[in-house]
Amino acid sequence: YTEAGELFVDCKLWDTPNTVKTVMQKIVDKGATMTTVSTLNNLATFDAIEDFKDSLMICGVTFLTSWGGSDLIEILNYMPSAGKQLWRDNMERAQSVMKGIVCSPVDLEKVAEAELELHGMHKYKKICPGIGKNKGQVRTTTPLQAKEMGADYIVIGRTITESEDPLNTIKEIKESLLKT
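Heads up, the sequence shown is in the working numbering, so the first residue is 25 and it goes up one at a time.
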């Protein structure tokens, strides 16, 4: 969940245009206000879901927080030094429907540079997972670091769900974010 009354569905949809459109309709029907779609979809997929862009915040996902530099090369065929170009290429492909971009907080600077190059302004909300030291995630920060780096939304999952005292963990995170 996001703010009161909002529902974030994080499926990272990547499939045929018809399948993504069908799943997107089910997400809207369930009352979601935000969802994720892989920016690796083809343009026909983004055309197929264009009718949903005013119904919920569609957020593009490109580079998972569990991926390191070798994954970037192997999966997306980008060198880790590509930085801004990776984000620019993928934002450009999904720009017809996208209102937000999902990225590790450590990528926010490159995302902002790509956004300015592509649109001449900061256009997208920044949704940042990879919060805390979680098994399987390699590009992470603390909640406060993510906020200070410019995250609009901070996605905190395993840091809370795998905590021995989830309620206390939430309280500590909230207090750390309110101190600034």
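Where a beta carbon is used, it is the ideal one built from N, C-alpha and C, also for glycine.
Starting from the Cα of residue 65, find the closest Cα among 128, 120, 31 and 165 and give me that residue.
-> 120
Using a Cβ cut-off of 8 Å (strictly closer), state whether residue 97 contacts chain B.
-> Of the chains in the structure shown, none is chain B; there is only one protein chain.
What's the gap between the Cα of residue 135 and the Cα of residue 160?
-> 23 Å
Are the Cβ atoms of residue 205 and residue 115 separated by less than 8 Å?
-> Any property of residue 205 remains undetermined from this structure, which presents the chain solely from 25 to 204.
Environment of residue 68 [buried if 16+ CB atoms lie within 10 Å] = exposed
Let me know the secondary structure DSSP gives residue 179 once reduced to three states.
-> Of the three classes helix, strand and coil, the one that applies to residue 179 here is coil, per DSSP.
Segments of 3+ residues assigned as beta strand (DSSP E) that fall wholly inside the stretch 26-99 = 32-37, 58-62 and 81-85
Under a Cβ-count criterion, where at least 16 other Cβ atoms within 10 Å of its own Cβ denotes burial, should residue 105 be classed as buried or exposed?
-> exposed
Identified DSSP bridge partners for residue 165 | 155
Which listed residue (74, 132 and 127) has its alpha carbon closest to that of residue 84 = When each option's Cα is compared against that of residue 84, the closest is 127.
Below 8 Å between beta carbons: does that hold for residue 89 and residue 183?
-> no
Decide if residue 94 is buried, meaning its Cβ has at least 16 other Cβ atoms within 10 Å, or exposed.
-> That one is exposed.
Let me know the beta strand (DSSP E) ranges lying completely inside the stretch 104-158, each 3 residues or longer, listed in chain order.
-> 124-126 and 149-152
Within 8 Å, strictly: CB atoms of residue 178 and residue 155 = yes
Please classify residue 195: does DSSP put it in a helix, a strand, or coil?
-> helix
Are the beta-carbon atoms of residue 139 and residue 148 separated by less than 8 Å?
-> Residue 139 is a Cβ neighbour of residue 148, given a cutoff of 8 Å.
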